[in-house]
Amino acid sequence: MTASSSAVALRDAAVQVGDGLLWHDVNVDVAAGQFVAILGPNGVGKSTLIKAVLGVIPLAAGAATVFGQPAGTANREIGYLPQRRSFDPSLRVRGIDVVRLGLDGDRFGLPLPWSAKNREAGRRVREVIERVDASSFALRPIGELSGGEQQRLLIAQALVRDPRLLILDEPLDSLDLPNQSAIAELIRRVCVDGGVTVLMVAHDVNPILPYLDQVIYLAGGGAVCGTPAEVITSPTLSALYQTPIEVLRTSDGRLVVVGQPEAPAHHADRHTGHPH
Amino acid sequence: MTIAAAATSGDVTWSWNLLNDVRDMFSYPFMVNAFRAGTIVAIVGAVVGWYMVLRKQTFAGHTLSVAAFPGAAAATLIGVSATAGYFAFCVAAALVIAIASRPSGSRGFSAESAVVGTVQAFVLASGYLFATLYNGLLSGLNNQLFGFTFGITNDQVVTLGAVGVLVLAVLALIGRRLFFASIDVDVADARGVGVRLLGVAFLLVLGAAAAEASQITGALLVFALLVMPAAVAQRVTARPVAGIGLAVLIGIAATWGGLTMAYYTSYPSGFCITTFAFAAFVAVHRVRAGA
């Protein structure tokens, strides 16, 4: 904590769902500029952890801070990309307009087309689209674009206000393998070149494994934090799950976690967060 | 009314001398009022309709316009102005739909269509009841359902204009947030734009616009000014500002064309306006399909 300040911190945090605690005694320290993944099986409360950081879901115990301020008070510093939204193929709205909404979509009134402010906004939107390599398709209706192209534009939308913290919820979900690695590389570039702290929920750690500074592994109502090499091991995960878990390393360096119990429901749990 | 009846029954003829034709047409005050009212409604309907098509709420829009029928029938029955009946019923129906169809959190309008269908059945049945209680005068019923533009008074034009300005002012205020909430509800919600409140506000705006359009095209042909111009515009351009502008132009063109056609033929104005709007839709569809 000497060289870099704290971006996100959770202290003995717990979240309540129904009568029980979804997770408890969670301690997280993310330093500014880090690339951090939140891992764990479905339904364990990964998205809930993000929402606690955003201050949307209250903590039942403990405290959460973002850049030293209580969670929810510094949300202007956060670019948030929720779990994969699909745009209707028939939606006739250009990608560039979707990005622009990230900048001033929450304003009242209409922008005056000839004002200096409007030109400045247009410049910032074009700049961020350039930054995510989306210039060649940003003027086409977003519904006609591929999943990878849409995801680039959504990342641009989350980045357009120059946030210090980028929070992404399964941004690689439902992308094919080449697009997964391309988007992962883009997020790394945003983190390293742009100095943006990245907190990312991932179902599969492998596409981002080489870039990670830290992982937060949620399971069994608790969490373990540390470097991937420390956390994604058979003993650590076995202790977390309280059941024998094996972590295998393939010849190309990919990690495979074997024996982790999955929550039965795959859809409802993302929103209600059933503990298993 | 008698002049209107004479004029619209085909006593006037198209001379191909455009200046004379227009001067001739506008020598009748009822024609001037029809153009005034039609233009106001075309603008309001196109702008509101653009959002409605974007939000895929055409079913709700249809139901709100159907509510204009019992509104007008009830107003006739109790002897108040039809205009008041149109607005009261359409806005009330909008409130019912907004309150009854609470979307769960940010998850879209899943519960809405069932509520909308229920409301629509009930308002149609009510309209039929009021018309029956009034005991006939079938021409009034026809006008409520299919429009009668040639009996619009100065007072009605003023009311249409005032409500139209109010609707456009509300949309100018919330337009950007509404656009955000319409196409990207999750992020908009996280940004705190008030997705639910915007949904309610838009339904009320839609109710007012449907009530306006009903008075020009009749309750059943409202889509000529609410859906068709917006649908054509969204097929032509994906730019929001250009799309709204184009929808307004198409709405005005269809209204002016339709009113002129109704004046020179014996066909009802609702049919004429709808025909012009439909022609625009078919033309754009063919051009895009061929491209």
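Going down the list, the protein sequences come from chains A and B. Mapping of the first sequence onto this note's numbering: position 225 corresponds to residue 211, and the numbering continues sequentially without gaps. Counting from 1 along the second sequence, just add 3 to a position and that's the residue number in this note's numbering. Don't be surprised by glycine CBs; every beta carbon is placed ideally from N, CA and C. Bear in mind that the values here come from a model prediction, so they are computed numbers and not experimental data.
Item, Value
"Let's test the definition: count the other Cβ atoms within 10 Å of the Cβ of residue 146 of chain B and tell me whether it reaches 16, buried, or not, exposed.", "buried"
"Can you tell me whether DSSP reads residue 14 of chain A as helix, strand or coil?", "strand"
"Please confirm if residue 194 of chain B has its CB atom under 9 Å from at least one CB of chain A.", "yes"
"Going straight from the alpha carbon of residue 3 of chain B to that of residue 160 of chain A, what length do you get?", "Past the edges of chain B, shown from 4 to 294, lies residue 3 of chain B, and the structure says nothing about it."
"Could you tell me whether the Cβ of residue 112 of chain A comes closer than 9 Å to any Cβ of chain B?", "no"
"Can you list the residues of chain B that residue 93 of chain A reaches, using a CB-CB cut of under 8 Å?", "179 and 180"
"What first and last residue would you give for the beta strand (DSSP E) that runs through residue -3 of chain A?", "-8 to 3"
"In three-state terms, what does DSSP make of residue 21 of chain A?", "strand"
"Which stretch, first to last residue, makes up the beta strand (DSSP E) that contains residue 232 of chain A?", "232 to 235"
"At a Cβ threshold of 9 Å, is residue 237 of chain B touching chain E?", "As a matter of chain content, chain E is missing from the structure shown, whose protein chains are A and B."
"Let me check understanding here. Comparing Cα to Cα, which of A:-3, A:31 and A:27 lies closest to residue 15 of chain A?", "A:-3"
"Taking the continuous alpha helix (DSSP H) assigned at residue 184 of chain A, which residues delimit it?", "Unbroken run through residue 184 of chain A is the beta strand (DSSP E), 183 to 187; no alpha helix (DSSP H)."
"Using a C-beta to C-beta distance shorter than 8 Å, which residues of chain A count as neighbours of residue 175 of chain B?", "95 and 96"
"Between the region 237 to 257 of chain B and the region 186 to 195 of chain B, are three or more C-beta pairs nearer than 8 Å?", "no"
"List the residues of chain B whose Cβ lies closer than 8 Å to the Cβ of residue 66 of chain A, in chain order.", "190 and 193"
"Just to confirm before moving on: does the CB-CB distance between residue 266 of chain B and residue 15 of chain B stay below 9 Å?", "yes"
"Find the nearest neighbour of residue 208 of chain B within the set B:229, B:160, B:261 and B:83, judged by alpha-carbon distance.", "B:229"
"What is the DSSP secondary structure of residue 54 of chain A, reduced to helix, strand or coil?", "coil"
"Taking all protein chains shown into account, do 16 or more other C-beta atoms lie within 10 angstroms of the C-beta of residue 96 of chain A, making it buried, or fewer, making it exposed?", "exposed"
"My guess is that residue 186 of chain A and residue 173 of chain A are in contact by the Cβ rule of under 8 Å, so how many angstroms apart are they, rounded?", "7 Å"
"Apply the 10 Å Cβ neighbour rule to residue 22 of chain B and answer buried if 16 or more other Cβ atoms are within range, or exposed otherwise.", "exposed"
"Please determine, among A:54, A:41, A:47 and A:29, the residue with the shortest C-alpha to C-alpha distance to residue -6 of chain A.", "A:54"
"Looking at C-beta atoms only, is the number of pairs between the region 280 to 291 of chain B and the region 159 to 172 of chain B that lie closer than 8 Å three or more?", "no"
"Using a Cβ-Cβ cut-off of less than 8 Å, give me the residues of the region 77 to 92 of chain A that come near chain B, in sequence order.", "77, 78, 79, 80, 83, 84, 87, 88, 90, 91 and 92"
"Kindly indicate which residue of B:237, B:218 and B:261 has the alpha-carbon position closest to the one of residue 75 of chain B.", "B:218"
"Am I right that residue 37 of chain B and residue 224 of chain B are in contact with their C-beta atoms under 8 Å? What's the rounded C-beta distance?", "Rounded, the Cβ-Cβ distance is 15 Å, inconsistent with contact."
"Kindly say whether residue 136 of chain A, judged by its beta-carbon, lies nearer than 9 Å to any beta-carbon of chain B.", "no"
"Counting pairs of Cβ atoms below 8 Å between the region 156 to 170 of chain B and the region 47 to 64 of chain A, do you hit three or more?", "no"
"If we ignore side chains and look at the alpha-carbon of each, how far apart do residue 10 of chain A and residue 1 of chain A end up?", "7 Å"
"Between A:132, A:177, A:215 and A:98, which has its C-alpha nearest residue 75 of chain A's C-alpha?", "A:132"
"Quick one: what's got a C-beta closer than 8 Å to residue 286 of chain A's C-beta in the same chain, skipping five residues either side?", "Nothing can be reported for residue 286 of chain A, as the shown portion of chain A is limited to -13 through 262."
"Expressed to the nearest angstrom, what Euclidean distance is found between the alpha-carbon atoms of residue 83 of chain B and residue 91 of chain B?", "12 Å"
"Would you say residue 236 of chain B and residue 247 of chain B are within 9 Å of each other, going by their C-beta atoms?", "yes"
"Where do the ends of the beta strand (DSSP E) carrying residue 202 of chain A lie?", "200 to 205"
"Identify which residue in A:30, A:217, A:20 and A:4 has its Cα closest to the Cα of residue 181 of chain A.", "A:20"
"Quick one: what's got a C-beta closer than 6 Å to residue 242 of chain A's C-beta in the same chain, skipping five residues either side?", "234"
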